[in-house]
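Since the structure comes first, as structure tokens, the remarks are kept for the end.
Residue numbers (our numbering): 748 to 1000.
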């Protein structure tokens, strides 16, 4: 998958909204299919439509979906085993389905068949049930603010050609109904910053300026990925926190 692909984030956001009872299963899957075509899940040599797969996993105890946005040397949101970790790092993204006493990893890839069919194929893999070491939403928001300040200070020292300021006033936060307002705010900010990171280039800079700029952008990218993971996992965090939202009797079908 392309590192900027939002498909794992979309599955996590709308899948968790379904599990929390804020949207129906059909609405959640329709949102995914509008974004990227049909979705199938490959497991044990068989392929199952995502809609059917999610319904079956709910019966088997599915309680939540976690987002992973790893990069080389930074397996964010992953706790193994190695085959799942390596596949997730190669894809740049993954989803972990949290079940009763176990977890199942899902790796997306482009699925093209013939001249007209284009969709997403999720490969199901064993995933560790150990909770990942990821920041809470509050921690991620604070770290993102600090990273923005540090990156701004560093980049102000880099003189280079004026290539214009990209417009990032509006960006879809990618979240679904039921997420806390703070999660929407953080997710929208990460979407705008991700646009900045995609547009950043090094034309006309010296090697020293490139080094300064590169370090600043790497630190910001790390903070953006952590904040995006925290925002998409926030609906689970809010349901599990003391005094937080109670889990409804069951999702809408």
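Virtual Cβ for every residue (Gly too), placed ideally from N, Cα, C.
Original post:
Between the stretch 890-902 and the stretch 963-978, are three or more C-beta pairs nearer than 8 Å?
Top reply: Touching, per the Cβ criterion.
**OP:** Determine the burial state of residue 878: buried for a count of at least 16 other Cβ atoms within 10 Å of its Cβ, exposed for fewer.
**Re:** With fewer than 16 Cβ atoms within 10 Å of its Cβ, residue 878 is classed as exposed.
**OP:** Classify residue 919 as buried or exposed, calling it buried when 16 or more other Cβ atoms lie within 10 Å of its own Cβ.
**Re:** It counts as exposed.
**OP:** With DSSP as the reference, label residue 826 as helix, strand or coil.
**Re:** Note: residue 826 maps to coil in three-state DSSP.
Subject >> Per DSSP, cross-strand counterpart(s) of residue 868 >> reply: Under DSSP, residue 868 forms a beta bridge with 787 and 856.
Original post:
Thinking just about the alpha-carbon of each residue, which of 867, 795 and 805 is nearest to the one in residue 850?
Top reply: The option with the nearest alpha carbon to residue 850 is 805.
Subject >> N- and C-terminal bounds of the alpha helix (DSSP H) containing residue 757 >> reply: That run of the alpha helix (DSSP H) goes 754-766.
Original post:
Which word fits residue 860, buried or exposed, when buried means at least 16 other C-beta atoms lie within 10 angstroms of its C-beta?
Top reply: Exposed, since its Cβ has fewer than 16 Cβ neighbours within 10 Å.
Original post:
Is it the case that the Cβ atoms of residue 815 and residue 827 are separated by a distance below 7 Å?
Top reply: It is not a contact, given that the beta carbons lie outside the stated cut-off.
**OP:** Answer with buried or exposed for residue 978, where buried requires no fewer than 16 other C-beta atoms within 10 angstroms of its C-beta.
**Re:** Looking at its Cβ environment, which holds 16 or more other Cβ atoms inside 10 Å, residue 978 is buried.
Original post:
At a cut of 8 Å, does the stretch 933-941 reach the stretch 779-789 through at least three beta carbon pairs?
Top reply: They do not touch, by the three-pair rule.
Subject >> Own chain, CB closer than 6 Å to residue 888, minus 5 neighbours either side, in chain order >> reply: Taken in chain order, the residues that qualify are 933.
Subject >> Enclosing alpha helix (DSSP H) for residue 806 [first to last residue] >> reply: First-last of the alpha helix (DSSP H) with residue 806: 797-806.
Subject >> Short Cβ contact (7 Å threshold) for residue 853 with residue 842 >> reply: The beta carbons of residue 853 and residue 842 sit closer together than 7 Å.
Subject >> residue 920 in three-state terms, based on DSSP >> reply: It is coil, neither helix nor strand.
**OP:** In angstroms with no decimal places, state the Cα-to-Cα distance between residue 886 and residue 975.
**Re:** Straight-line Cα distance between these residues: approximately 12 Å.
**OP:** Please classify residue 829: is it buried, with 16 or more other beta-carbons within 10 angstroms of its beta-carbon, or exposed?
**Re:** Residue 829 is exposed by the Cβ-count criterion.
Subject >> Alpha-carbon spacing of residue 802 relative to residue 770, whole angstroms >> reply: Separation of residue 802 and residue 770 (C-alpha to C-alpha, rounded to the nearest whole angstrom) is 14 Å.
Subject >> Boundaries (first-last residue) of the beta strand (DSSP E) holding residue 815 >> reply: For residue 815, the enclosing beta strand (DSSP E) stretches over residues 811-815.
Original post:
Which same chain residues, not among the five before or five after residue 863, have their C-beta less than 6 Å away from its C-beta?
Top reply: Closer than 6 Å at the Cβ level, and outside the excluded window around residue 863, lies no residue.
Original post:
For residue 897, which of helix, strand or coil comes out of DSSP?
Top reply: In the structure shown, residue 897 sits in a helix (DSSP, three-state: H, G or I).
**OP:** Could you pull the start and end residues of the beta strand (DSSP E) that residue 841 belongs to?
**Re:** Annotation for residue 841: the continuous beta strand (DSSP E) segment containing it runs 841-846.
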